[in-house]
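For reference, the structure discussed in these notes is given below.
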């Protein structure tokens, strides 16, 4: 299910979040599917349950999962997940574009890059 890299500078809970997010976005975990319990996943990965709890809590705050008291943690709907991720990426995009403007990159240069990216997608999906 999840692969952790203990040599990575990224904290383990972040790696867990990214792994679960990837599984949700690729539909490897279906909407409303129950995720492993905190204890179960901690045991499988041989890590502290608090690390799993932190990852689950943050995923819930971001809308990727929801919890039901006494029942467990479940995957949110795919539509919601995709919209949530798109919003996250658009926010990151805004930050990057603002910085590019500070670095004197023009709207035209950005537009050209976006057109090139779109053309690349069209060729791949062609």
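In our numbering, the protein residues as written are -17 to 108. Think of the CB as a built atom: it goes at the ideal place given N, C-alpha and C, for glycine as much as any other residue.
Check: Check whether the Cβ atoms of residue 46 and residue 58 sit closer than 8 Å, and answer yes or no.; Outcome: yes
Check: Per DSSP, residue 55 forms a beta bridge with which residues?; Outcome: 49
Check: Which stretch, first to last residue, makes up the alpha helix (DSSP H) that contains residue 44?; Outcome: No alpha helix (DSSP H) contains residue 44, which DSSP labels as neither H nor E.
Check: List the DSSP bridge partners of residue 16.; Outcome: 56
Check: Report the CB separation of residue 30 from residue 37 in whole angstroms; it is logged as a contact under 8 Å.; Outcome: Going by Cβ atoms, the distance from residue 30 to residue 37 rounds to 11 Å, so no, they are not a contact pair.
Check: Taking the Cβ atom as the reference point for each residue, do residue 56 and residue 15 lie within a distance shorter than 8 Å?; Outcome: yes
Check: Determine the DSSP secondary structure at residue -17, reduced to helix, strand or coil.; Outcome: coil
Check: When DSSP labels each residue in this structure, what does residue -7 get in the three-state scheme?; Outcome: coil
Check: So is residue 71 buried or exposed if we call it buried at 16+ other beta carbons inside 10 Å?; Outcome: exposed
Check: For residue -2, name the three-state secondary structure that DSSP assigns.; Outcome: helix
Check: In three-state terms, what does DSSP make of residue 34?; Outcome: helix
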